[in-house]
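Participant: Dropping a structure here in structure tokens format, bear with me for questions.
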Amino acid sequence: MLRLFLFFIAFLPILNASAGEPVRVVVTTNSLGMLVNEIAQPLVEQRQLELKVLASPGRDVHYLDARPSFMAAVRRADLLIDTGAGLEEGWLPAITANAANPDINSGQPGRLSLAASLQLRPSITTTGPHAGHVHRHGNPHFNIDPLRMAKAARLVARRLGHFFPDQKALLIKRSYHLEQALKQTAEYLSEQLIPGQRFIAYHEDVDYLEAWLPVQNIGYLEPLPGLPPTSKHLRELVEKHQQQEPARVLYARFNPDQGARFLNERLGWPTYALPLEPETPDWNGYKELLQVWANAFEQKS
Amino acid sequence: MIKKSVQKSLLALAVGVASGSAVAADHGNSDVDVSIILEGLFYNELSSGTSSPEGFGDSGHDHDHDHGDEGHQHGFEEGFGIGHSELAIDAGLGALLDGRLLLGFDDSDVAVEEAWVKTRSLPAGFQLKFGKFLSDIGYANSRHNHSWDFADRPLVNQYLFGDHGLQDVGLQGTWQLPTENYALLGVELLQGQGNTFDAYAEQEDVLEEQDSGPRVVTAFMKYGPDLGADHAVQLGLSGGYANQYVGGYDKHFHGTEPHTTAQIGSSWFAGVDGVYKYSSGKAYGEGDLRITSEYFYVARDLAQYSGDYHEEDGDYHLEGAIKGDSYTEEQDGFYVEGVYGVLPRWQVGLRAEALGLINEKWGGGHDTELDSLDASYKYSGQITWRPVEPVFLRTQFNHKDFAGDDGSSNEVVLQLNVALGAHGAHNF
Ligand SMILES: [Zn+2]
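Chains A and B, in that order, are what the protein sequence lines are.
Here the first sequence stands for residues 1 to 301, numbered as in the working numbering.
Here the second sequence stands for residues 1001 to 1428, numbered as in the working numbering.
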């Protein structure tokens, strides 16, 4: 029986894939897909690079199933780019540990976890009594900040350069243009807003708006990242903000709206259900998303 | 619980990997994650009936799980119980290997349920796993009870493979095809430690030598097409063979003459499994649907042996004994279950099970007659509440309609399950 088994193992590598294939890049979200698509557009058009996005844009990236189709995509990936800092930890480790692809192991050129090289917003769970919750490595939702996305663009360009050494200059140049576009759009949208507007976020994600818009986050509907809003916590928020200037409540479209409605009923604050990821993994999709986020606040007239 | 030295050394290996990686903790993959699953149960039999399905009574259990005096509890006891709790240590050795040590425990006993290393550095889609592990045949077999949708193991898995499913020491090799759709082929060589599928009557004075291992081989394939963001499917086929099966051991007297009989032969199985998941995209599992189903068929090619009298020790031995008539026992089992997220954090589930739709079982004694026994059925319904992700509280109702003399029974199980520490990603 043992001999039969060893024969099976020894025989199969002959069936391995051939050369001349495109470089397969797998990313977890449309935001990261946008970076790859914009930086490597000529390579995508010439089919030298094939991009696959795992998470559908309307989903909460914290909670996805480790689907068989993800396994198949990561098995064939030359480069896997993930957000990191625990955003995908509920499902991605089950994929990478079982996809039988040594190229995408941590530390390999085929793996880029962007959060590791970015300065993240601290989470209330990074230190202190609540340490160790879903955002213990910092707030991983940096895709909501175009300025951090600009930094991420540079990291992506350098890593793509490893796979296309002849195109390195082109990739760096394109990432520079993308950085400029991100920064200019952020600046433009920021200038349109009446400064000093305050908001409560459902989860520690849209608080990244504070990083590039003249707005201020004053709390969260979740008592801790990943814990659903409790009525006690919501009542405390109402009490705390009753005597203060009105603000607004922002939540992701996939979040339940009861918490936001509660604050709306008690405090009269407007509520906004926002998408967190672009519909399409490209600059147009992401630019539209920046506009949608900015529109959740009052514009200068 | 650890019977063989092989197991001890495997455990030592797994522990070695775990501690080794703590030293190399600055590498990306070498975090050591510790998690504890604690379970509390309350079980109440509302009306009692046939307790074990006809034809599946004591098919080669060599440890007394359900009787409570050895090993940790898997059958439910009336009243409160600690259920099935676990301590798991997951660690990596750089980008080379992943390792896991999982101890199952109750208030008096600890057992090594998993102690393995798995490669993550072989090329071309290959992976090897070595140690004590849960076989990847079927769907439920490789999963621990905190990720089941019901408080108890499916009957087909429990009665054809054992209280832990098919769990053994051995080597697994898998190959994931470089295809657009997920496709995985796997082979396992298992020692065959005398569980339900590869039963071995450990009677040293009667049957001196167990065949040399590995005594069990399995093969499986899994396939999952890409159906977009809302739907996902995984289908599986599996089969296996045990080259030594010893059951029905009996020592009795003809007058004053002691006499020994046993059923000796081999067994094999084949099964299909499938899981479908609908993901609504809403928060906390609202609107999500999961449907799982498995069917397994087991056949045992056996012969009735009678012991030989040996002058030296004045006892009857089965080794080289008189072989009687041959026959093939056949049994199967099936379940289908569905779980739906009715509200955020609330699930309801229904499960229907059949065991022994084919139920050709040796009748006992010196005969080689097979009895055609009736099928047993079980219907379950559950409501689960997950106040936060790592905690769930479940109420389950079972209606058991087991073949046998005492009729059907009803029972209710309350289950509280808490995951502490690192909560690892779950497989599909
Ligand atoms: Zn988050």
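Where a beta carbon is used, it is the ideal one built from N, C-alpha and C, also for glycine.
Comparing C-alpha positions only, which one of B:Tyr1340, B:Glu1330, B:Phe1105 sits nearest to Gln1382 (chain B)?
Facilitator: Comparing Cα positions, the closest option is B:Tyr1340.
Participant: Measuring only the C-alpha atoms, how far is Leu234 (chain A) from Leu263 (chain A)?
Facilitator: Looking at the two C-alpha atoms, the distance is approximately 8 Å.
Participant: Alpha carbon to alpha carbon, what distance is there between Ala1283 (chain B) and Glu210 (chain A)?
Facilitator: Each residue's Cα considered, the two are about 25 Å apart.
Participant: Counting only Cβ-Cβ distances shorter than 9 Å, please list the residues of the region 1378-1389 of chain B near chain A, keeping chain order.
Facilitator: Flagged, chain order: Pro1387, Val1388, Glu1389.
Participant: Sort B:Val1342, B:Phe1402, B:Thr1384 by Cα distance to His1146 (chain B) and report the nearest one.
Facilitator: Comparing Cα positions, the closest option is B:Thr1384.
Participant: Just to confirm my understanding: we take Ala73 (chain A), look at its own chain, exclude 5 residues before and 5 after, and list those with CB closer than 6 Å. What are they?
Facilitator: Result list for Ala73 (chain A): Val26, Lys52, in chain order.
Participant: Hey, would you say Ile104 (chain A) sits closer than 7 Å to Phe70 (chain A), going by beta carbons?
Facilitator: Not closer than 7 Å, so no.
Participant: According to DSSP, is Ser1266 (chain B) part of a helix, a strand, or is it coil?
Facilitator: Strand at Ser1266 (chain B).
Participant: What did DSSP end up calling Thr1179 (chain B) once you bin it into helix, strand or coil?
Facilitator: Three-state result, Thr1179 (chain B): coil.
Participant: Chain A partners of Leu1122 (chain B), CB-CB under 9 Å?
Facilitator: Chain A residues near Leu1122 (chain B): Ala100, Pro102.
Participant: For Thr96 (chain A), report the span of its alpha helix (DSSP H) as first-last.
Facilitator: Per DSSP, Thr96 (chain A) belongs to the alpha helix (DSSP H) from 92-98.
Participant: Please tell me whether Ala72 (chain A) has its Cβ less than 7 Å away from any Cβ of chain B.
Facilitator: Taking Cβ atoms only, chain B reaches closer than 7 Å to Ala72 (chain A), which makes this a yes.
Participant: Would you check if the region 1240-1258 of chain B and the region 76-89 of chain A touch, i.e. whether three or more CB-CB distances between them fall below 8 Å?
Facilitator: They do not touch, by the three-pair rule.
Participant: Indicate the three-state DSSP secondary structure (helix, strand or coil) for Gly285 (chain A) in the structure shown.
Facilitator: Helix.
Participant: What span of residues does the beta strand (DSSP E) with Ile39 (chain A) cover, start to end?
Facilitator: Element bounds for Ile39 (chain A): not the beta strand (DSSP E) but the alpha helix (DSSP H), 30-39.
Participant: For Ser1380 (chain B) and Phe1397 (chain B), which I take to be in contact (beta-carbon distance under 8 Å), what is that distance rounded to the nearest angstrom?
Facilitator: Correct: roughly 7 Å between the Cβ atoms.
Participant: Under 7 Å between beta-carbons, which chain A residues line up against Glu1180 (chain B)? List them in chain order, please.
Facilitator: Under the 7 Å cutoff, chain A gives Ala72.
Participant: Name the residues in the region 1106-1132 of chain B whose C-beta lies less than 9 Å from a C-beta of chain A; which are they?
Facilitator: Within the region 1106-1132 of chain B, the residues whose Cβ lies closer than 9 Å to some Cβ of chain A are Lys1118, Thr1119, Arg1120, Ser1121, Leu1122, Pro1123, Ala1124, Gly1125, Phe1126, Gln1127, Leu1128, listed in chain order.
Participant: Using a Cβ-Cβ distance cut-off of 7 Å, determine whether Phe262 (chain A) contacts chain B.
Facilitator: Not closer than 7 Å to any Cβ of chain B, the Cβ of Phe262 (chain A) fails to qualify, so no.
Participant: Rounded to the nearest angstrom, what separates Leu1237 (chain B) and Phe1220 (chain B) at their Cα positions?
Facilitator: Each residue's Cα considered, the two are about 6 Å apart.
Participant: Can you list the residues of chain A that Phe1428 (chain B) reaches, using a CB-CB cut of under 7 Å?
Facilitator: Neighbours of Phe1428 (chain B) on chain A, chain order: Asp65, Ala66, Arg67, Pro68.
Participant: Buried or exposed: which applies to Phe1130 (chain B), given that a residue is buried once 16 or more other Cβ atoms fall within 10 Å of its Cβ?
Facilitator: Buried is the call here.
Participant: Do the CB positions of Trp91 (chain A) and Pro146 (chain A) come within less than 7 Å of each other?
Facilitator: For Trp91 (chain A) and Pro146 (chain A), no; Cβs fall outside 7 Å.
Participant: Which value, in whole angstroms, describes the spacing of the CA atoms of His1072 (chain B) and Gln1158 (chain B)?
Facilitator: Because His1072 (chain B) sits at a pLDDT of 46, beneath the cut-off of 50, its placement in the model cannot be relied upon, and the following sentence gives the value as read from the coordinates. Rounded to the nearest angstrom, the two C-alpha atoms are 15 Å apart.
Participant: Could you tell me which chain B residues have their CB closer than 7 Å to the CB of Ala97 (chain A), listed as they occur along the chain?
Facilitator: Near Ala97 (chain A) (Cβ distances below 7 Å), the residues of chain B are Asp1098, Arg1120.
Participant: Counting only Cβ-Cβ distances shorter than 9 Å, please list the residues of the region 279-296 of chain A near chain B, keeping chain order.
Facilitator: Under the 9 Å Cβ criterion, the region 279-296 of chain A contributes no residue.
Participant: Going along chain A, which residues have a C-beta under 7 Å from Lys1400 (chain B)?
Facilitator: Residues of chain A passing the Cβ test: none, with the nearest at roughly 32 Å.
Participant: Along the region 1275-1294 of chain B, what residues have a CB closer than 7 Å to any CB found in chain A?
Facilitator: Flagged, chain order: Lys1277, Ser1279, Gly1281, Lys1282, Ala1283, Tyr1284.
Participant: Of the residues B:Lys1118, B:His1259, B:Lys1400, B:Thr1196, which one's Cα is nearest the Cα of Ile1322 (chain B)?
Facilitator: When only C-alpha atoms are compared, the closest one is B:His1259.
Participant: Should Asp1026 (chain B) go down as buried or exposed, given a rule of 16 or more other Cβ atoms within 10 Å for buried?
Facilitator: Any reading at Asp1026 (chain B) needs caution, since the residue's pLDDT is 33, under 50, leaving its predicted position unreliable; the model's value is listed next. Per the 10 Å Cβ criterion, exposed.
Participant: If we require 4 or more residues per run, which alpha helix (DSSP H) segments fall completely within the region 194-261 of chain A?
Facilitator: Fully enclosed alpha helix (DSSP H) runs of 4 or longer: 231-241.
Participant: In the DSSP output, what is Ala1091 (chain B) paired with across the bridge?
Facilitator: Beta-bridge pairing links Ala1091 (chain B) to B:Val1032, B:Gly1099.
Participant: Quick test of the definition: if touching needs 3 or more C-beta pairs under 8 Å, does the region 182-193 of chain A touch the region 141-158 of chain A?
Facilitator: Yes, since at least three Cβ pairs between the region 182-193 of chain A and the region 141-158 of chain A fall closer than 8 Å, the two stretches touch.
Participant: If you run the structure through DSSP and keep just helix, strand and coil, what is Asn1141 (chain B)?
Facilitator: In this structure, Asn1141 (chain B) counts as helix in the three-state DSSP scheme.
Participant: Can a CB atom of chain B be found closer than 7 Å to the CB of Leu274 (chain A)?
Facilitator: It does not; no Cβ of chain B falls within 7 Å.
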